[in-house]
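Colleague:
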Amino acid sequence: MTEMDKRILWFQNKGKLCPTRELIKTPEQIEGIRCAGKLNTALLDHVTEKIREGMTTAEIDRIVYDFTTAHGGIPAPLNYEGFPKSVCVSKNDVVCHGIPSEEEVLEEGDIVNVDVTTILNGYFADASRMFIIGKTSSERERLVRVAKECLDIGAEVCKPYTFVGDMGNAIAKYAHKNGYTIVRDLCGHGVGNAFHEDPDIEHYGKKGSGMLLVPGMVFTIEPMVNAGDWEVVVDEEDGWTVYTEDYSDSAQWEHTFLMTDEGLEVITY
Ligand code: MF3
Ligand code: CO
Ligand code: CO
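Residue numbers (our numbering): 88 to 356.
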């Protein structure tokens, strides 16, 4: 039994939710996920260069598809459980899973999340950024900034042999302190060998709850921060688009992380 096996067993005996072997990546898998992460980051950098006022979200979809395939990758969202496009683009009161459209134009003052996931040689990396189109209100600027800080704070408190709930607790506290709420219906996730793996990474909750996090695990943190209430609704027509129930604005940033002996390493920088 390795030192890690012993430590995991100790937590298991205390009734804690612990990772199975498949959730702890091998060095070879980590190498593959790093490569997917590099391409995914290059893609987000490419989107950052191209995104501008007046563009349709369908144009962003084409940019993502063309760049990814030109570099030997596959956009993971395309046909994922029926999702029709290569990227999620979520504006203003859209929380996540916005479907790119020829009808949707980026306008001055919009706050937009672009969420890309890349498959390279069978490995997955997942990240998203917010973009402010032209000049926006100071309230929207603050929401975008605090959402980024929620991700950074979550990543910071996340150390080996702590729990998902320790991180979620810190993130929600920070959001609430700023007058915002955290979406509860959607969460981060294990990633790397597939798009969505265990564990669920909830961005709220009690310290000590959720899965134990150990070196070798790869997962996303992606808090969805609402300016109003935390409740969301899914568009009945397209079955994907998630809106805030009260039409308040929502912001989200996401990275894929590797847990190391020291803490989290960002895979999607
Ligand atoms: N990229 C999203 C996430 O962070 C998932 C999108 S699923 C899709 O988990 F089908 F809408 F692409
Ligand atoms: Co994502
Ligand atoms: Co994700």
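From the three backbone atoms N, C-alpha and C, an ideal C-beta is built for every residue, glycine too.
The model shown is predicted, which means the values in this text are computed figures rather than measured ones.
Note down the Cα distance separating Ile206 from Ala123, rounded to an integer number of angstroms.
Modeller: Walking along the sequence shown from the start, residue 206 turns up at place 119. Walking along the sequence shown from the start, residue 123 turns up at place 36. Straight-line Cα distance between these residues: approximately 6 Å.
Colleague: Given a cut-off of 8 Å, decide if Gly303 and Phe374 are closer than it, judged by their beta-carbon atoms.
Modeller: The shown model of the chain, from 88 to 356, leaves out residue 374, and the question about it has no answer.
Colleague: Beta-carbon of Ile120 versus every beta-carbon of chain B: anything under 8 Å?
Modeller: Absent from the structure is chain B; it holds one protein chain and no more.
Colleague: Name the two residues that bound the continuous alpha helix (DSSP H) containing Met298.
Modeller: Here residue 298 is taken as the residue at index 211 of the sequence shown, counted from 1. No alpha helix (DSSP H) holds Met298; DSSP gives it neither H nor E.
Colleague: Hey, is the segment 278-293 in contact with the segment 326-339, meaning 3+ C-beta pairs nearer than 8 Å?
Modeller: no
Colleague: Taking 8 Å as the cut-off, decide whether the C-beta atoms of Leu131 and Ala234 are in contact.
Modeller: The count along the sequence shown starts at 1 and reaches residue 131 at position 44. The count along the sequence shown starts at 1 and reaches residue 234 at position 147. No, the pair does not count as a contact, with Cβ atoms beyond the cut-off.
Colleague: Taking the continuous beta strand (DSSP E) assigned at Lys178, which residues delimit it?
Modeller: If you number the sequence shown from 1, residue 178 lands on position 91. Its beta strand (DSSP E) spans residues 175-178.
Colleague: How many whole angstroms separate the CB atoms of Ile354 and Val305, which I take to be in contact at a CB cut-off of 8 Å?
Modeller: Here residue 354 refers to the residue found at position 267 of the sequence shown. Here residue 305 refers to the residue found at position 218 of the sequence shown. Between Val305 and Ile354 the Cβ distance is about 7 Å, and since that is below 8 Å, they are a contact.
Colleague: Do you know how far the Cα of Lys293 is from the Cα of Thr144?
Modeller: Residue mapping note: residue 144 aligns to position 57 of the sequence shown, counting from 1. Residue mapping note: residue 293 aligns to position 206 of the sequence shown, counting from 1. Spanning the alpha carbons of Thr144 and Lys293 requires a straight line of approximately 37 Å.
Colleague: Compute every distance between the C-beta of Thr113 and the non-hydrogen atoms of ligand 2, then say whether any falls below 7 Å.
Modeller: Taking the first residue of the sequence shown as 1, we reach residue 113 at position 26. No, the beta carbon of Thr113 sits no closer than 7 Å to any heavy atom of ligand 2.
Colleague: When you compare only the Cα positions, how much space is there between Trp97 and Val319?
Modeller: Indexing the sequence shown from 1 puts residue 97 at position 10. Indexing the sequence shown from 1 puts residue 319 at position 232. When rounded, the distance between both Cα atoms is 38 Å.
Colleague: Cβ of Thr204 versus every heavy atom of ligand 2: is any distance shorter than 7 Å?
Modeller: For this step, residue 204 is matched to residue 117 along the sequence shown. Correct: Thr204 has its Cβ closer than 7 Å to ligand 2.
Colleague: Is Asp213 near ligand 1, going by C-beta to nearest heavy atom under 7 Å?
Modeller: As a working note, residue 213 is residue 126 in the sequence shown. Yes, the beta carbon of Asp213 sits closer than 7 Å to at least one heavy atom of ligand 1.
Colleague: What is the C-beta distance between Ala242 and Leu165, in whole angstroms, given that I count them as a contact (C-beta under 8 Å)?
Modeller: As a working note, residue 242 is residue 155 in the sequence shown. As a working note, residue 165 is residue 78 in the sequence shown. Their Cβ separation, rounded to whole angstroms, is 28 Å, which puts Ala242 and Leu165 out of contact at 8 Å.
Colleague: According to DSSP, simplified to helix, strand and coil, what is Met217?
Modeller: As a first step, residue 217 is located in the sequence shown; it is residue number 130 there, counting from the start. Strand, per DSSP.
Colleague: To which residues does DSSP link Thr268 through a beta bridge?
Modeller: One-based indexing of the sequence shown puts residue 268 at position 181. DSSP lists Asn313 as partners of Thr268.
Colleague: From the DSSP secondary-structure annotation, give me the bridge partner or partners of Glu140.
Modeller: Here the question's residue 140 lines up with position 53 in the sequence shown. According to DSSP, Glu140 bridges with nothing at all.
Colleague: Could you tell me which residues DSSP puts in a beta bridge with His342?
Modeller: In the sequence shown, residue 342 corresponds to position 255, counting from 1. Ile308, per the DSSP bridge assignment.
Colleague: Is the separation between the beta-carbon of Asp253 and that of Leu110 shorter than 8 Å?
Modeller: In the sequence shown, counting from the first residue as 1, residue 253 sits at position 166. In the sequence shown, counting from the first residue as 1, residue 110 sits at position 23. For Asp253 and Leu110, no; Cβs fall outside 8 Å.
Colleague: Regarding Glu309 and ligand 3, is the C-beta to nearest heavy atom distance less than 7 Å?
Modeller: Counted from its first residue, the sequence shown places residue 309 at position 222. At least one heavy atom of ligand 3 lies closer than 7 Å to the C-beta of Glu309.
Colleague: What is the rounded straight-line gap between the Cα of His263 and the Cα of Ile240?
Modeller: Your numbering for residue 263 matches position 176 in the sequence shown. Your numbering for residue 240 matches position 153 in the sequence shown. Looking at the two C-alpha atoms, the distance is approximately 13 Å.
Colleague: Nearest-angstrom Cα distance between Thr328 and Cys175?
Modeller: Within the sequence shown, the letter at position 241 stands for residue 328. Within the sequence shown, the letter at position 88 stands for residue 175. Their Cα atoms are separated by approximately 9 Å.
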